[in-house]
Amino acid sequence: MIDFTLSELQQAARDYAHQVALEEMRPISLECDRTEKIPDSFMWNMQRRFWAGAAGQARTQAQEGEEKQDNILSILSQEEMAWGDAALSTAIPGPGLAAPPILSQGTPEQQAKFLGPYMDGQLHWGALALTEPGIGSDVAGMSTTAVLEGDEWVLNGHKHYITNGARSDLVVTFATIDKSLGREGIRPFVVPRGTPGFVVGRIEEKMGLRASQTAELIFENCRIPKDHLLSGRESSKKAGFKAAMGTLDATRPMVGALAVGIARAAHEKTCQWVQEELPKGFSVYKRREIELELDEMGQELEMARFLVWRAAWMADRRIPNSKEASMCKAYAGGLVMKVTSAGVRISAPGENSESRQFLQKWFRDAKVFDIFEGTAQIQRLVIARRLFPEVDIP
Amino acid sequence: MLNFAPTQEQEEIRQLAQSLAMEQVRPQGRSAEQQGDISPALMKTLTQTGLTTPFPEEYGGSGVVEAVTYTLIAEELGFGDGALAMNIIGSLMGPLTVLLAGDKSQQQHYITPFSDASRGHLQRGSLGFAERTGGYYVTEISATIRTEGEQYILNGSKRDVIHGGQSSPRVVLVRLEGTSGTGGLCALMVPLDIAGARVSLDEGKLGLIAAPSAAYTFENAPVSATCMLGQPGGSGVLRAAALYNILRAGVACGTARAALDYAMDYARGRIAFGRPIVSYQGIAFMVAEMAMKLDAARLLTWRAATSWDRGTGCETLVQEGEAAQYQAIKIAKSATIDAIQILGGAGFIQDHPAEMWMRNAAAME
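As they're listed, the protein sequences go chains A and B. With the first sequence counted from 1, adding 65 to any position gets you this note's numbering. With the second sequence counted from 1, adding 401 to any position gets you this note's numbering.
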């Protein structure tokens with residue numbers, strides 16, 4: 066039965082994340098953005114809040130319930146945390162983007178081995194390395210190589226734009242075992258930090274999400290054990306590429322949820338600014354025009370959220386959702402740009418208040434949501450290819 | 402708990418509506434536009450299926466209306482033909498408003514004829530909502546009544562009232578003098594042969610030609626107190642107004658989907674420079690955009706429908722219905738315009754229905 070209301074568990078997950086966003090993120094948001102640094106105290110607070118106590122209980126309950134709903138629970142809390150601060154939300158300790166490929170492609174032994182340590186109460190991060198200087202959306206053209214020598218894989222190549230790349234305990238790195246196979250030669254490997262030949266390069270300076278760590282990773286004859294190839298479902302030749310793409314089907318709704326969270330924050334702040342700080346002397350008509358624009362963006366915000374919810378709901382039910390995942394990501398990515406730029410424009414006549422600083426920060430943060438996890442153009446290409454499976458759309 | 406799948410029963414009803422839409426409604430779209438109305442034979446077929454009699458069984462109906470189920474039906478009818486769908490929904494809103502706002506004897510009197518096996522399909526109801534000074538927003542309703550002895554004195558206008566010239570019950574949404582917003586809204590059944598009432602049939606319309614409509618002007622028109630449905634300012638009136646908007650949104654989603662589907666077929670088969678035109682990103686991205694925005698608007702519509710079924714507070718419900726119809730009509734307009742663009746020259750020619758759908762979408766506001 067179609068239902069847009071949250072269950073008690075879903076509502077609890079959302080409320081909890083909102084509390085965290087309000088108490089831990091908003092207060093340090095502008096400062097972290099300015100300095101591009103996150104205090105250790107934040108990391109430990111997040112570790113405590115998300116890996117112990119109520120959050121831990123919520124996770125256990127989710128697993129005991131009849132229906133799987135990790136994706137829904139995840140996107141509900143992602144939206145809240147991005148409402149707090151999207152950059153800080155990417156730095157929350159945990160396996161992060163490394164988890165989906167390990168869960169979907171790892172054997173039970175590999176899952177236990179690689180994800181187990183995240184439960185030990187210490188600070189750990191994980192990362193996913195897909196993008197290279199020469200390839201972005203076209204992951205099939207990857208040039209990082211993996212060659213099996215005896216009992217070890219030898220990795221060579223260059224990854225960049227890797228979130229949490231420099232602080233991660235392990236990085237799921239995609240590499241090709243045979244370039245002539247194209248996309249079918251791509252495999253996911255788990256590379257632990259400290260492996261000889263695995264070096265962190267530069268940390269990027271960015272226009273937005275400045276507190277989020279974006280690293281360059283270099284692999285030079287980096288040797289890892291043979292069983293670090295995620296091989297749970299190796300029967301299909303396309304396994305590696307599918308893992309990469311399958312990861313995107315799960316993470317695009319999360320990125321969409323983050324975009325919705327920023328858009329909501331900006332929409333709220335702009336509405337509040339118009340009510341409280343719009344300079345006297347604005348004509349009734351001008352004010353009405355602004356209100357109508359904000360009303361309409363409020364509707365679009367709800368549609369973006371529903372697209373995200375649907376894609377995550379499908380993922381939980383294991384219904385193929387590439388098209389829907391791309392739709393929510395494309396829609397939310399475009400919307401967050403629209404809402405944040407409107408916020409900057411509408412508040413332009415104001416004093417340089419804290420509201421305006423937040424709006425300007427969110428405007429800078431927003432742009433990347435139309436780019437990472439597949440650009441706006443790639444999302445449309447994915448949607449079109451799903452709509453026309455029989456046509457080759459290059 | 403979040404869920405995006407219709408029930409098994411809803412899915413079966415949707416499929417029935419879809420097959421009727423494709424086999425009966427779509428083929429008659431163009432001829433209905435020429436006739437300016439739905440054919441009695443088609444209306445009879447639909448009535449026999451029970452799809453157009455969502456009334457309680459005690460009034461001979463097929464079961465009381467549920468917004469989610471009927472939104473699914475409205476989309477399928479709109480997928481068949483937007484104008485015929487609006488014709489059907491427009492008529493239905495007459496008895497449905499009586500059902501939601503009226504008392505038992507009014508319900509018995511006005512709804513039962515619609516369920517009649519031999520003559521029900523000839524019955525037409527109507528609900529006057531939008532005015533010359535606004536759209537389908539409750540706050541923009543400015544037609545007023547004031548009490549004078551045993552009767553009401555009615556002032557104001559209504560536009561685009563589907564079946565407004567020939568309907569019974571002929572319901573109009575008005576407000577008690579001195580009220581605003583969602584307060585004081587009333588549903589009044591108006592005879593047109595009263596002093597101070599003027600009816601003009603809409604002619605030479607841009608679109609929705611197959612849904613005949615009329616405009617009203619009331620100047621100090623006296624209406625008997627017995628014409629009031631239920632209590633003035635009751636929540637049933639607001640639920641009726643919200644339902645109309647939700648179903649209009651459903652029809653608009655169907656119109657957008659028809660345009661998308663038609664454009665997809667064309668883009669798949671049309672070859673340019675040796676390839677199907679959809680293999681060019683310029684076309685492929687347009688189609689992707691249409692599909693994405695349609696899904697977004699449909700979800701907004703579904704949300705409003707679930708709120709209606711759950712009995713959500715009227716203030717919220719009215720707003721959700723208004724947002725749904727606004728966004729759904731917006732995508733119906735842009736998708737039909739884009740469909741014509743994808744068809745190229747063929748889109749401009751009346752051999753294809755795309756141009757008719759574009760005119761229909763534009764006439765929904």
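Note that the Cβ used here is the ideal one computed from N, Cα and C, for glycine as well. Bear in mind the structure is a predicted one, so any value in this text is a computation, not a measurement.
Asked                                                                                                                                                                                                      : Found
Is the closest heavy atom of the ligand NAP to the C-beta of Cys654(B) under 8 Å?                                                                                                                          : What this structure holds is no ligand at all, so the ligand NAP is not there to describe.
Closer than 9 Å by beta-carbon distance: list the chain A residues that pair up with Ser680(B), in chain order.                                                                                            : Phe453, Val456, Asp457, Ile458 and Pro459
Please state the DSSP three-state secondary structure of Ile448(A).                                                                                                                                        : helix
So, using beta-carbon positions, are Ser568(B) and Phe619(B) closer together than 9 Å?                                                                                                                     : no
Can you confirm whether the region 390-398 of chain A touches the region 362-372 of chain A when touching is taken to mean that 3 or more C-beta pairs between the two stretches lie within less than 8 Å? : yes
Whole angstroms is fine: what's the gap from Phe69(A)'s alpha carbon to Gln552(B)'s?                                                                                                                       : 44 Å
Is there a Cβ of chain B sitting closer than 9 Å to that of Glu129(A), yes or no?                                                                                                                          : Reliability fails at Glu129(A), whose pLDDT of 49 lies under 50, so the model's placement of it is uncertain and no value is given.
Kindly indicate if chain A contains any beta-carbon less than 9 Å away from that of Glu690(B).                                                                                                             : yes
In the DSSP assignment, what are the bridge partners of Glu197(A)?                                                                                                                                         : Ile200(A)
Excluding the five sequence neighbours on either side, which residues of its own chain have a C-beta within less than 6 Å of the C-beta of Gly149(A), listed in chain order?                               : Ala86, Met90 and Arg91
Using a Cβ-Cβ cut-off of less than 9 Å, list which residues of the region 482-494 of chain B approach chain A; keep chain order.                                                                           : none
Measuring straight from C-alpha to C-alpha, what distance separates Arg267(A) and Ala280(A)?                                                                                                               : 6 Å
Under 9 Å, Cβ to Cβ, is there at least one residue of chain A near Lys694(B)?                                                                                                                              : yes
In angstroms with no decimal places, state the Cα-to-Cα distance between Ser527(B) and Gly631(B).                                                                                                          : 17 Å
For Glu604(B), count the other beta carbons within 10 Å of its own beta carbon; 16 or more makes it buried, fewer makes it exposed. Which is it?                                                           : exposed
Spatial neighbours of Gly439(A) within its chain, please: C-beta separation below 6 Å, excluding the five flanking residues on both sides.                                                                 : Ser202
Can you pull the chain A residues whose beta carbon is under 8 Å from the beta carbon of Asn345(B), in chain order?                                                                                        : The requested residue 345(B) does not occur in the structure, where chain B is confined to residues 402 to 766.
When the Cα of Arg669(B) is compared with those of Val325(A), Arg258(A), Ala449(A) and Asn286(A), which residue comes out closest?                                                                         : Ala449(A)
Would you list the residues sitting across from Gly557(B) in a DSSP beta bridge?                                                                                                                           : Phe619(B)
Measuring only between beta-carbons, confirm whether Leu71(A) sits less than 9 Å from chain B.                                                                                                             : yes
For Ala673(B), which residues in chain A fall below 9 Å Cβ to Cβ?                                                                                                                                          : In chain order: nothing, as chain A lies at least about 13 Å away.
Tell me, please, whether the region 586-593 of chain B touches the region 513-525 of chain B by the rule of three or more beta-carbon pairs shorter than 8 Å.                                              : no
Name, going along the chain, the residues of the region 459-474 of chain B whose beta-carbon falls closer than 7 Å to a beta-carbon of chain A.                                                            : Val469
At a Cβ threshold of 9 Å, is Leu700(B) touching chain A?                                                                                                                                                   : yes
DSSP three-state call for Ser625(B): helix, strand or coil?                                                                                                                                                : strand
Would you kindly work out how many angstroms separate the C-alpha atoms of Thr335(A) and Ser169(A), rounded to a whole number?                                                                             : 41 Å
Could you check the C-alpha separation between Gln122(A) and Leu323(A) for me, to the nearest Å?                                                                                                           : Any reading at Gln122(A) must be qualified, since the residue scores a pLDDT of 48, below 50, and its modelled position is unreliable; the value itself is stated next. Roughly 24 Å between the two C-alpha positions.
Note down, in chain order, every chain B residue with its Cβ under 7 Å from the Cβ of Tyr466(A).                                                                                                           : Within the shown structure, residues of chain A are numbered from 66 to 459, placing residue 466(A) beyond reach of any answer.
Taking 9 Å as the cut-off, decide whether the C-beta atoms of Leu478(B) and Gly722(B) are in contact.                                                                                                      : no
From which residue to which residue does the beta strand (DSSP E) around Asn221(A) run?                                                                                                                    : Glu217 to Thr228
Which residues in chain A sit within 7 Å of Pro677(B), going by Cβ to Cβ distance?                                                                                                                         : Val456
How about Val689(B) and Arg445(A): do their beta carbons lie closer than 9 Å?                                                                                                                              : It should be noted that the sequence gives Ala, not Val, for residue 689(B). Yes; because the gap between Cβ atoms is below 9 Å, this pair is in contact.
Counting Cβ pairs closer than 8 Å, one from the region 634-642 of chain B and one from the region 495-507 of chain B, do we hit at least three?                                                            : yes
Using the Cβ count rule (16 or more neighbours within 10 Å means buried), how would you classify Glu129(A)?                                                                                                : Reliability of the predicted coordinates at Glu129(A) is poor, the pLDDT of 49 falling under 50, and no value is obtained from them.
Look at the alpha carbon of Glu20(A) and the alpha carbon of Ala151(A), and state the distance between them as a whole number of angstroms.                                                                : As shown, chain A starts at 66 and ends at 459. That puts residue 20(A) outside it, with no answer to give.
Is it the case that the region 612-626 of chain B contacts the region 593-600 of chain B, given that we only count it when at least three CB pairs across the two stretches are under 8 Å?                 : yes
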